[in-house]
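Peer 1:
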Ligand SMILES: *Cc1c(COP(=O)(O)O)cnc(C)c1O
């Protein structure tokens, strides 16, 4: 240990190291953090706008705090990029955006309890309707409040989750049309397999959706907003774009799978960083961490990082890497709640409080969301939404660090 506490190791604690010219270094409340690059977010939206046909509208899906990126910040960029609808999963998420002053149309995904309907009408939330009973209840609430309520009907074309079964849809559409205070604005379905090579099921779902539209067409009914595609569908199913696409993952610069089409220049928006809290030297035979999952066979230098599964890092053992000085340091031992350990024997210049990239790029290397998904045995969506609230979100804009409020005011750095 004494060897590591040398004179060269006197770096300061603060986050992040770059772009601090206008910001006083402060001792952070938590020794690890998430950086959200709003410039990249804006650029991703622009690239997506160039990729998709101009007539296809954008629904920005912001559930689970925009997959951990901050729903308000992502909503602002999405609306600036021309999104005409924001989609959320719960009434709580929707009212939080309303309270933040966002008056744009909001589509509430999923199913509503009867007790949620009044707030939906009061806050002008567009509900997805899956059944006649909820439609009737919503209509009654709207009548009582003297409001007209927009709805989209969700069609189950094979995912067997939310929605009315596709062959029962025309009947529901006709019945809903008789409810005076509901305005049927949209028809939608959701794809179970949009981002994999095999598009057989996605094509079957699309053809079921199309058959509903045709049946309605014959009856002289045309619903203005028809939407099917998520990120995978935008990339790989041009024949299913219809009037709008619902994008959550792609604007964040992450692809839903390795198989789907790429958009040149898209960049991941979120990075996870920390700093080395301590460096220790192991002798042969020393073990590391709970369960003694790693035993040194030679002298090793080990860095302790103050981030763990309590922050959302996958609870793995002897798997994965972080980047220190642009080089890969392998995890050794198990991940604890607040700490993990990496081997820095080969990265000689490593000092306490050096910055560490846990997810993201450094120099010419990257720990991608998909790398972490692989060691977690899960998918990119799960990795992004697993980063816990206790990791402060640092918003980067125009090469400067801004706090949340400043970035919302649209102030330029
Ligand atoms: C989450 C969600 C989306 C967004 O999917 P991405 O793959 O993140 O683009 C779209 N539609 C529905 C119904 C969803 O629940």
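Numbering (the numbering used here), first residue to last: 1 to 413.
Virtual Cβ for every residue (Gly too), placed ideally from N, Cα, C.
Remember, predicted model here, so these are calculated numbers, not experimental data.
(1) Compute every distance between the C-beta of residue 186 and the non-hydrogen atoms of ligand 1, then say whether any falls below 6 Å.
(2) Identify, in the order they occur along the chain, each residue of the same chain with its Cβ nearer than 8 Å to the Cβ of residue 373, setting aside the five sequence neighbours on each side.
(3) Could you pull the DSSP bridge partners for residue 128 from this structure?
(4) In three-state terms, what does DSSP make of residue 177?
(5) Could you have a look at residue 379 and say whether DSSP puts it in helix, strand or coil?
(6) Need the endpoints of the beta strand (DSSP E) that residue 86 sits in, please.
(7) Of all the beta strand (DSSP E) runs that stay within the bounds of the segment 169-257, which reach a length of 3 or more residues?
(8) Kindly list the residues whose CB is nearer than 7 Å to the CB of residue 142, restricted to its own chain and excluding five residues on each side of it in sequence; keep chain order.
(9) When we look at the beta-carbon of residue 217 and count the other beta-carbons within 10 Å, is it buried (16 or more) or exposed?
(10) Identify the continuous alpha helix (DSSP H) that holds residue 65 and give its terminal residues.
(11) Classify residue 22 as buried or exposed, calling it buried when 16 or more other Cβ atoms lie within 10 Å of its own Cβ.
(12) If you run the structure through DSSP and keep just helix, strand and coil, what is residue 390?
(13) Identify every residue that forms a DSSP beta bridge with residue 355.
(14) I need the DSSP call for residue 397, collapsed to helix, strand or coil.
(15) When you compare the segment 308-320 with the segment 332-345, are there three or more beta-carbon pairs, one atom per stretch, that lie closer than 8 Å?
(16) Please state if the CB of residue 157 and the CB of residue 208 are separated by a distance shorter than 7 Å.
(17) Report yes if the C-beta distance between residue 282 and residue 293 is below 7 Å; otherwise report no.
(18) Sorry if obvious, but does the Cβ on residue 256 come closer than 6 Å to a heavy atom of ligand 1?
Peer 2: In brief:
(1) Reading the chain shown from its first residue, position 186 is the one you call residue 186. No; taking the cut-off as 6 Å, the Cβ of residue 186 has no heavy atom of ligand 1 nearer than that.
(2) Your numbering for residue 373 matches position 373 in the chain shown. Once the five neighbours on either side are set aside, the close Cβ partners of residue 373 are 379, 380, 382, 383.
(3) Position 128 of the chain shown, counting from 1, holds the residue named residue 128. In the DSSP output, where bridge partners are listed per residue, residue 128 has 152.
(4) Along the chain shown, read from residue 1 onward, the residue named residue 177 stands at position 177. Residue 177 falls in the helix class under three-state DSSP.
(5) Walking along the chain shown from the start, residue 379 turns up at place 379. Residue 379: coil per DSSP, three-state reduction.
(6) The residue labelled residue 86 in the question sits at position 86 within the chain shown. From DSSP, the beta strand (DSSP E) with residue 86 extends over 85-88.
(7) 182-189, 225-229, 244-247
(8) As a working mapping, residue 142 is identified with position 142 in the chain shown. Counting only Cβ-Cβ distances below 7 Å, and skipping sequence neighbours, we find 121, 148, 149, 181, 182.
(9) For the purposes of this step, residue 217 is identified with residue 217 of the chain shown, where counting begins at 1. Its Cβ having fewer than 16 others within 10 Å, residue 217 is exposed.
(10) Counting from one through the chain shown, the residue named residue 65 turns up at place 65. Run containing residue 65: 63-68, per the alpha helix (DSSP H) assignment.
(11) The residue labelled residue 22 in the question sits at position 22 within the chain shown. Confidence at residue 22 is low in this model, with a pLDDT of 42, below 50, so its placement is unreliable and the value that follows should be read with caution. When all chains shown are included, residue 22 counts as exposed.
(12) Position 390 of the chain shown, counted from the start, is the residue given in the question as residue 390. It is coil, neither helix nor strand.
(13) As a first step, residue 355 must be located in the chain shown, where it is residue number 355. According to DSSP, residue 355 bridges with 275.
(14) Walking along the chain shown from the start, residue 397 turns up at place 397. DSSP places residue 397 in strand when its eight states are reduced to three.
(15) yes
(16) If you number the chain shown from 1, residue 208 lands on position 208. If you number the chain shown from 1, residue 157 lands on position 157. Yes, the pair counts as a contact, with Cβ atoms nearer than the cut-off.
(17) One-based indexing of the chain shown puts residue 282 at position 282. One-based indexing of the chain shown puts residue 293 at position 293. No, the Cβ-Cβ distance between residue 282 and residue 293 is not below 7 Å.
(18) Within the chain shown, numbered from 1, the residue matching residue 256 stands at position 256. Yes.
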